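Q: I'd like to ask some things about the structure below.
Residue numbers (the numbering used here): 49 to 235.
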């Protein structure tokens with residue numbers, strides 16, 4: 049009889065104290081990112097040696113330090129494409145240096161994909177690099193006419209980001225950068 053009382057009391061204690069519901073932390077959620085309905089127009093920097101189109105969600109700013117630099121800002125995404133124009137008699141040397149800047153990130157990148165662009169009618173050749181992983185710059189590009197200039201750019205976010213959360217933005221900006229490359233012409 050004593051054993052039944054001990055079993056009942058022990059069972060009640062397990063039921064009472066064992067049913068304590070613990071709150072599990074909620075998973076981190078990322079904000080929904082909507083792409084801008086995009087139209088393209090030439091940038092407004094007259095002193096820059098190249099003309100190209102940028103989206104209506106971007107703002108082109110002349111870099112005060114160097115007239116060969118231009119920044120394309122995307123305020124909605126807190127991102128900037130830092131671009132530079134280099135006039136050179138040794139284009140191959142400049143291309144090698146630019147590629148080295150891309151592959152510096154290979155230590156942190158899980159994958160670097162290269163997309164090539166060639167328009168012989170406009171004399172524009174380009175490489176678009178998509179860098180995946182924990183890299184500072186997920187997209188870079190090099191464009192040239194193969195004899196007098198190189199135009200390079202790198203996308204940076206203005207804050208530390210989780211690569212998964214900005215993947216839709218990177219994909220959108222990749223198409224914007226492709227439009228920039230396709231529309232390059234001397235000014």
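C-beta atoms are modelled at their ideal positions from N, C-alpha and C, and glycine is treated no differently. No experiment lies behind these values; they were computed from the predicted model shown.
(1) Provide the residue span of the alpha helix (DSSP H) that contains residue 106, from first to last.
(2) Among 206, 52 and 225, which one has its Cα closest to the Cα of residue 163?
(3) Identify whether residue 184 lies in helix, strand or coil by the three-state DSSP scheme.
(4) Between the C-alpha atoms of residue 88 and residue 131, what's the straight-line distance to the nearest angstrom?
(5) Is the beta carbon of residue 172 less than 8 angstroms from the beta carbon of residue 191?
(6) Are any of the Cβ atoms in chain D nearer than 8 angstroms to that of residue 143?
(7) To the nearest angstrom, how far is it from the Cα of residue 206 to the Cα of residue 144?
(8) With a threshold of 6 angstroms on Cβ separation, who are the neighbours of residue 96 within its own chain once the five nearest residues in sequence on each side are excluded?
(9) Do residue 122 and residue 199 have their CB atoms nearer than 8 angstroms?
(10) Look up residue 206 in the DSSP assignment and say whether it is helix, strand or coil.
(11) Rounded to a whole number of angstroms, what is the C-alpha to C-alpha distance between residue 112 and residue 90?
(12) DSSP on residue 212, reduced to helix/strand/coil?
(13) Would you report the Cα separation of residue 108 and residue 158, rounded to the nearest angstrom?
(14) Compute the distance between the beta-carbons of residue 178 and residue 221, then report whether it is under 8 angstroms.
A: Reading it off the structure:
(1) Counting along the chain, residue 106 falls outside any alpha helix (DSSP H), and DSSP gives it neither H nor E.
(2) 225
(3) The three-state reading of DSSP puts residue 184 in coil, since its state is none of H, G, I, E or B.
(4) 18 angstroms
(5) A contact, by the Cβ cut-off of 8 angstroms.
(6) No chain D is present in this structure, which holds just one protein chain.
(7) 27 angstroms
(8) 118
(9) no
(10) If DSSP states are grouped into helix, strand and coil, residue 206 belongs with coil.
(11) 20 angstroms
(12) helix
(13) 31 angstroms
(14) no
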